[in-house]
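Residue numbers (our numbering), protein chains in the order written: chain A, 1 to 355; chain B, 356 to 710; chain C, 711 to 1065; chain D, 1066 to 1420. Where is the CB? At the ideal position from N, CA and C, for every residue including glycine.
There are 4 protein chains.
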Amino acid sequence: MRAITTIPPGGGVKLSQVNEGSSSGIRIKTHLTGICGTDKEIAAGKLKFARPEVGQSLILGHEAVGIVSETSDDAAFKEGDVVVPIVRRPGKCRMCQLGRQDYCEDGDFVEAGIRGKNGFMRDEFVENAEYLVKVDNAGILDLAVLTEPLKNVMKMKEIFQFLRLRIPWYCSDSTLSCKNMYVFGTGTEGLLISTVFKELGMNVVEVNRHPLGENVLNYLENNKIEYLDTSAEKLDRRVKEFSMDAAVDAVGAMDVFKEITDNINSNGIALMFGTSGQLPSSNYEVLESIVDKNVAIVGSVDGAKIHYSEAINFLEAHGKGMHMEKLITGKYEPEDLKVFTEREKGEIKKVIAWS
Amino acid sequence: MRAITTIPPGGGVKLSQVNEGSSSGIRIKTHLTGICGTDKEIAAGKLKFARPEVGQSLILGHEAVGIVSETSDDAAFKEGDVVVPIVRRPGKCRMCQLGRQDYCEDGDFVEAGIRGKNGFMRDEFVENAEYLVKVDNAGILDLAVLTEPLKNVMKMKEIFQFLRLRIPWYCSDSTLSCKNMYVFGTGTEGLLISTVFKELGMNVVEVNRHPLGENVLNYLENNKIEYLDTSAEKLDRRVKEFSMDAAVDAVGAMDVFKEITDNINSNGIALMFGTSGQLPSSNYEVLESIVDKNVAIVGSVDGAKIHYSEAINFLEAHGKGMHMEKLITGKYEPEDLKVFTEREKGEIKKVIAWS
Amino acid sequence: MRAITTIPPGGGVKLSQVNEGSSSGIRIKTHLTGICGTDKEIAAGKLKFARPEVGQSLILGHEAVGIVSETSDDAAFKEGDVVVPIVRRPGKCRMCQLGRQDYCEDGDFVEAGIRGKNGFMRDEFVENAEYLVKVDNAGILDLAVLTEPLKNVMKMKEIFQFLRLRIPWYCSDSTLSCKNMYVFGTGTEGLLISTVFKELGMNVVEVNRHPLGENVLNYLENNKIEYLDTSAEKLDRRVKEFSMDAAVDAVGAMDVFKEITDNINSNGIALMFGTSGQLPSSNYEVLESIVDKNVAIVGSVDGAKIHYSEAINFLEAHGKGMHMEKLITGKYEPEDLKVFTEREKGEIKKVIAWS
Amino acid sequence: MRAITTIPPGGGVKLSQVNEGSSSGIRIKTHLTGICGTDKEIAAGKLKFARPEVGQSLILGHEAVGIVSETSDDAAFKEGDVVVPIVRRPGKCRMCQLGRQDYCEDGDFVEAGIRGKNGFMRDEFVENAEYLVKVDNAGILDLAVLTEPLKNVMKMKEIFQFLRLRIPWYCSDSTLSCKNMYVFGTGTEGLLISTVFKELGMNVVEVNRHPLGENVLNYLENNKIEYLDTSAEKLDRRVKEFSMDAAVDAVGAMDVFKEITDNINSNGIALMFGTSGQLPSSNYEVLESIVDKNVAIVGSVDGAKIHYSEAINFLEAHGKGMHMEKLITGKYEPEDLKVFTEREKGEIKKVIAWS
């Protein structure tokens, strides 16, 4: 069968013919796989921890949705079921054993398509039931390719709701309608974050340092998410009008970190998600802001199976109403390997169609 | 009466004669006042937000213990009671109204001896009962001057215990005995932090970039607190042996922040307390560490009345057993104004005796 | 205009002609009002705390959805907006001032249609914007009459999620799919509770002491909610197969309380909602079970504005997919006053249509 | 060596000569063992779940303090160390594996002196290091016999502090000084509960249905704990003056449960500890109170190793200041077996001296 492979950590991508060994489990025909920054970084040889499962070659792909084609008497799934596979597989640490490998204590895990385990950019794959999450509503077959990036946001929401318990962190009418959430970064992850916190009832401001493309602008307007192009309007000016009560960094640059700590409100909640900052860092002093304002800054990586389930529920419940299909801006053939290197005008999420 | 005054924000200190107006309330004879970095900064004209209560002159002093000399029929206190006054006075925001002005939302508060309210470096002062905390055990009269710096640590402990609820953050025998807490900074605040987390059952490592003085070394050894002089042994070497599960920064320098985020364990808890870093910051990238390790970083400033009470309880319960009287290394007359500018060999906490 | 009134606490219902005074605010044409057990109890003179707003007569009705017909320059709402009014209005206590009158500390509140404030069973009413919640999706105009009973469930969910933080209360794959929730009571509230916890990913068992009617059975089957008729199968037998990890009592009888404490699992979570038990209580000993199993039992009454918003979101997201329109089993004219006394075969929620 | 044994579940006590097999581990000379209601119930044949470790005979005793007499190269303890052994030993469930066997999910544990494991009423015993907690301060050698009953209170405090996060559950000055805690039951456990919550800063009222003995009265007065004899003053009268904000039941009778639910304040916290109520229950309806007041009722049994540590810290810190030695009202020889059946005038805690 076809598979998109790379030689980590050196990089490169090619469409190969590979044999699926006779592993036992549930056989899944890949429907769509999404491409994200991590895939591009592996392909470009920039992700040092990328490593093969065996031999030298790694099958790429961690965002996927597929259809069960064969089950081995496993009651949990039947032929035709739409499923999303889980990326990170637990190791032996306590948090992994509790089912929370997203909080792995020792780094002893593998991640499909990234490190130590082949990914899903291939015609089909075989999987254990425990690493599959079912999509009940076949009407979101395509949209379900967003489950994997969206599960990260569900974990962020879990942390956010936890941190709110520190003090009565809500408006005087009990809702979050007076609270402004600034989301830095307008890639797929940034937009998904904005979508989820908007649905939670907050006033959300998407922040970017360049003018936003039409696709993104339309998406934000359809969902009544505010936006700010800091090349046109300064952040602190907007903050003066709409206080920054919370923030998510989906960029990963130190100057965004500083913009957040400088501008965030007292008792603010900042969630850190971005790690791929390509901007040079400068001399920053952020501690006084963090301390004097009692700011909580919490890093969030990955998500657990519960978050995949919540992501699927979110897509079923709000996918249509919040126009999330507009986030998928391009569908490509497996042969179109330039998706790993070229950036289309207006692209948000590009996917590869396997069936 | 005598009072130590400054002209903020310009600075300077002198021993003045001032009149206590005929305010109604509880009259307290000052017993001891402590001197901390903030006092020195105000005296040196380095604290921009320092400001007088009225006129141009501000009476210094926010760490104090005194004895009630006159009450106005207030049942809560009687003549002879030992009391500690509260520094920060609430404004009108929601958190202030809840009694948690340490989480003030809008900065609309005053702080005795710092901004907008005269402090306690004077022979006596008049106070409302609600801003006084009683010391039941007169045996800790002197030690009670540590209440104010210690209340900051009690708030940190509150945050620490809250953050531990995120995941099962304890050893496999339910205690904290396998958890290492690194405390950066060996001033009074750093030592109090180490003392409290040691008492909580953690293995505590005090970190400094210079050899530690004998007073500090003795204090740490008496309390079985580990120490690390990073000019003699590298931090990451110690961390390899004793993982950094949690950390408190009581320095306030960005390179300490980076040392923490670089070295802290997955799911680590970092409490930020220091703001007065005088070291130049460099080019730092800390985000990948924060995100990939799910690190929680929370700033903590000030403390509420409950933390004053807890601090007094701590001094009563552990002051003697943990040799905390050794933290007070010098007792001075109000006339000895050089305490604000000179640093004695081996000094930890210097206090001024008023009675 | 027409209004359904009663003379509390004596009871009785009649359709009256009343004048709406010239109060200022937002004018709303009532679309539907729901009838619940509380309305019937007031009508039957059984609710002692029922009391009029002024005079002797009280307009009934606290479950409502309406359409804005007139606004007074209030930007928050415009003509044609679909809105749900809030029942409980805050008093002066701290929790009320925080917007959480559902946690009122002193009972000093009024509730529309129940105590101290006229309700919504009338052709139109005038309301302040802060007590209205907007329904964005006009497609759920009818369904929105379920907002008020559903908001109670949203508060229960808030408590449930909070209590889960006590220990790692989830399955070894991080989800709730292995956890069984038993819901006692098959009235509207019981069914809404089952619906919400099913959507949360739990295995839900509806428990009743009589055979269930066809409407209810169909609703449960459509939503894959299990059911148990304890006149046909004993509870403890079912529990042996599917442990009772959590429970909600929507009945209010002491024998249900005992059934829960007897059968619930260690570390179980029991939410108490029912108060209208009409069964005689007997001699019960429940304490050993509660203690030895570390059971958490928490009462939950009412909900805050945030829960109205969440309820509307739930209806928009899941109303159709979970067949919630089937919960409305009868639509009546205001003249049909027998809805307060007669019980139709198969009835779940009956509503009165005003427009 | 000597040992006090019983034949469970039938009961009886005798002083036997037993052989300590050659088990490896740390050898401890028993110093004191306490006698509690559970011991008496086992002796009286009333505790159905009591069972031997092997054969038919069980060595009694779960409250103990001893001195290490022999170690097997175990660095954690050395000869002469004062230690308290842990009662409940973990099974294989998830909570046991996390070190929280006090939250055991499946009941698969043993408890020394109670079920499946010999206890400490013998001249010496051999133990694994992981089930011993060290008492650093030899000055509380006798007092440390209270560690085991006190650890139950430390777990209750953990639950109490957790439940307080539900809403801002503190006074308007941030402390607990305005909050009244009613403790039902004046046995050792009840008095320890009162002591701990008093130290936490609450106003504590001890409640009993009979006049209190002089020993108890003196203890309460010394610690400024209020008391109420409900044979002389009705509970609801006291509650009218001092609202019942929280309560602990250390009796275990249903009428106490009803007194709590009837009288507790809105948003009240009730901790259930007692299980040995001997009073007949009557017809009770408690649900309306629980629901309408949002009451949280949580059972608490046992405690984890962390709570033993906290108990020892409490005894070291407050044992002397709070006169806790007065709780030990009688010291007996192992031969005095009537301690299991007779009740001395004024007795609180009786202990057996082994060395």
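Which listed residue (A129(A), S194(A), S177(A), E285(A)) has its alpha carbon closest to that of N152(A): The residue labelled residue 152(A) in the question sits at position 152 within the first sequence. Of the listed residues, the one whose Cα sits closest to N152(A) is S194(A).
Which of helix, strand or coil DSSP assigns to V764(C): Position 54 of the third sequence, counted from the first residue, corresponds to residue 764(C). Reduced to three states, the DSSP call for V764(C) is coil.
Residue-chain proximity (H1275(D), chain B), Cβ-Cβ < 8 angstroms: Within the fourth sequence, the letter at position 210 stands for residue 1275(D). Closer than 8 angstroms: no.
Own chain residues within Cβ distance below 8 angstroms of Y332(A), not counting five before or after: Indexing the first sequence from 1 puts residue 332(A) at position 332. Answer for Y332(A): V339, K350, V351, I352, A353, listed in chain order.
Beta-carbon proximity check, P1155(D) vs A1115(D), cutoff 8 angstroms: As a position in the fourth sequence, residue 1155(D) is number 90, starting the count at 1. As a position in the fourth sequence, residue 1115(D) is number 50, starting the count at 1. No; because the gap between Cβ atoms is not below 8 angstroms, this pair is not in contact.
Three-pair Cβ contact test at 8 angstroms for the region 203-211 of chain A versus the region 286-293 of chain A: no
3 or more residues per run - each beta strand (DSSP E) lying fully within the region 175-205 of chain A: Fully enclosed beta strand (DSSP E) runs of 3 or longer: 180-184.
Outcome for S282(A) when other beta-carbon atoms lying within 10 angstroms are tallied against a minimum of 16: For the purposes of this step, residue 282(A) is identified with residue 282 of the first sequence, where counting begins at 1. Burial call: exposed.
D249(A) - DSSP class collapsed to helix/strand/coil: Walking along the first sequence from the start, residue 249(A) turns up at place 249. Correct three-state label for D249(A): strand.
Cβ neighbours of A76(A) in the same chain (closer than 7 angstroms, five flanking residues each side left out): Within the first sequence, the letter at position 76 stands for residue 76(A). Excluding residues within five positions, the ones whose Cβ falls inside 7 angstroms are A129.
The alpha helix (DSSP H) enclosing V1147(D), as first and last residue numbers: The residue given as residue 1147(D) occupies position 82 in the fourth sequence. Counting along the chain, no alpha helix (DSSP H) covers V1147(D); the unbroken beta strand (DSSP E) around it starts and ends at 1147-1150.
Per-residue DSSP class, three states only, for A1021(C): Here residue 1021(C) refers to the residue found at position 311 when the third sequence is read from its first residue. DSSP places A1021(C) in helix when its eight states are reduced to three.
M511(B) beta carbon less than 8 angstroms from that of M336(B): Any property of residue 336(B) remains undetermined from this structure, which presents chain B solely from 356 to 710.
Residue-level contact to chain B via CB, P800(C), 8 angstroms cutoff: For the purposes of this step, residue 800(C) is identified with residue 90 of the third sequence, where counting begins at 1. Chain B contact via Cβ: absent.
Buried or exposed (CB count within 10 angstroms, at least 16 for buried), K447(B): As a working mapping, residue 447(B) is identified with position 92 in the second sequence. With fewer than 16 Cβ atoms within 10 Å of its Cβ, K447(B) is classed as exposed.
Nonlocal neighbours in the same chain, by C-beta distance under 6 angstroms from K648(B), ignoring five residues either side: For this step, residue 648(B) is matched to residue 293 along the second sequence. Same-chain partners within the cutoff: S621.
Among L498(B), S424(B), V439(B), the one whose alpha carbon lies nearest that of I661(B): One-based indexing of the second sequence puts residue 661(B) at position 306. When each option's Cα is compared against that of I661(B), the closest is V439(B).
Span separating the alpha-carbon of G1030(D) from that of G1110(D): Chain D is shown only over 1066 to 1420; residue 1030(D) falls outside these bounds and no answer can be derived.
Nearest-angstrom Cβ-Cβ length linking L1112(D) and E1106(D), presumed shorter than 8 angstroms: As a working note, residue 1112(D) is residue 47 in the fourth sequence. As a working note, residue 1106(D) is residue 41 in the fourth sequence. Their Cβ separation, rounded to whole angstroms, is 4 angstroms, which keeps L1112(D) and E1106(D) in contact under 8 angstroms.
Member of Q456(B), T426(B), E503(B), E375(B) whose CA lies at the smallest distance from the CA of I414(B): Taking the second sequence and counting its residues from 1, the one referred to as residue 414(B) is at position 59. Per the Cα distances, E375(B).
Terminal residues of the alpha helix (DSSP H) in which T1212(D) lies: Here residue 1212(D) refers to the residue found at position 147 when the fourth sequence is read from its first residue. 1212-1228 is the span of the alpha helix (DSSP H), which, as asked, contains T1212(D).
Per DSSP, the bridge partner or partners of F480(B): If you number the second sequence from 1, residue 480(B) lands on position 125. Per DSSP, I383(B).
Those residues which DSSP pairs with L1197(D) across a bridge: Within the fourth sequence, residue 1197(D) is the residue found at index 132, counting from 1. DSSP, once it has assigned bridges, lists P1150(D) as partnering L1197(D).
Cβ separation of I26(A) and S57(A), assumed to be a contact under 8 angstroms, to the nearest whole Å: The residue you call residue 26(A) lines up with position 26 of the first sequence. The residue you call residue 57(A) lines up with position 57 of the first sequence. Not really, about 24 angstroms apart at Cβ, beyond 8 angstroms.
Beta-bridge partners of Y332(A), as assigned by DSSP: Taking the first sequence and counting its residues from 1, the one referred to as residue 332(A) is at position 332. I352(A).
Within chain C, the residues that G319(A) reaches when beta carbons sit closer than 7 angstroms: For this step, residue 319(A) is matched to residue 319 along the first sequence. None at all; the shortest Cβ gap to chain C is about 10 angstroms.
C-beta neighbour in chain A for L1300(D), strict 8 angstroms: Within the fourth sequence, the letter at position 235 stands for residue 1300(D). By this cut-off, L1300(D) is not an interface position.
Close-in-space but distant-in-sequence residues of the same chain around E815(C) (CB under 7 angstroms, 5 per side omitted): Locating residue 815(C) in the third sequence gives position 105, counting from the first residue. Taken in chain order, the residues that qualify are C803, R804, M805.
Residues of the region 511-522 of chain B with Cβ closer than 9 angstroms to any Cβ of chain E, in chain order: The structure shown contains no chain E; the protein chains it does contain are A, B, C and D.
Three-way DSSP call (helix, strand, coil) for M322(A) in this model: In the first sequence, the residue the question calls residue 322(A) occupies position 322. Coil.
Close Cβ partners of I615(B) (< 7 angstroms) along its chain, the five nearest in sequence each way excluded: Within the second sequence, numbered from 1, the residue matching residue 615(B) stands at position 260. So the qualifying residues of the chain are A602, D604, A625.
Outcome for G1178(D) when other beta-carbon atoms lying within 10 angstroms are tallied against a minimum of 16: For the purposes of this step, residue 1178(D) is identified with residue 113 of the fourth sequence, where counting begins at 1. Buried, because 16 or more other Cβ atoms sit within 10 Å of the Cβ of G1178(D).
Proximal chain A residues relative to K889(C), where beta-carbon distance stays under 7 angstroms: In the third sequence, residue 889(C) corresponds to position 179, counting from 1. By Cβ distance, chain A contributes nothing, its closest Cβ being about 11 angstroms from K889(C), past 7 angstroms.
Cα-Cα separation between P859(C) and G1013(C), rounded to whole angstroms: Position 149 of the third sequence, counting from 1, holds the residue named residue 859(C). Position 303 of the third sequence, counting from 1, holds the residue named residue 1013(C). Looking at the two C-alpha atoms, the distance is approximately 9 angstroms.
One or two residues paired with G421(B) in a DSSP bridge: Taking the second sequence and counting its residues from 1, one reaches residue 421(B) at position 66. In DSSP, G421(B) forms a bridge with T385(B), V438(B).
Buried/exposed call for M1(A), threshold 16 Cβ in 10 Å: One-based indexing of the first sequence puts residue 1(A) at position 1. With fewer than 16 Cβ atoms within 10 Å of its Cβ, M1(A) is classed as exposed.
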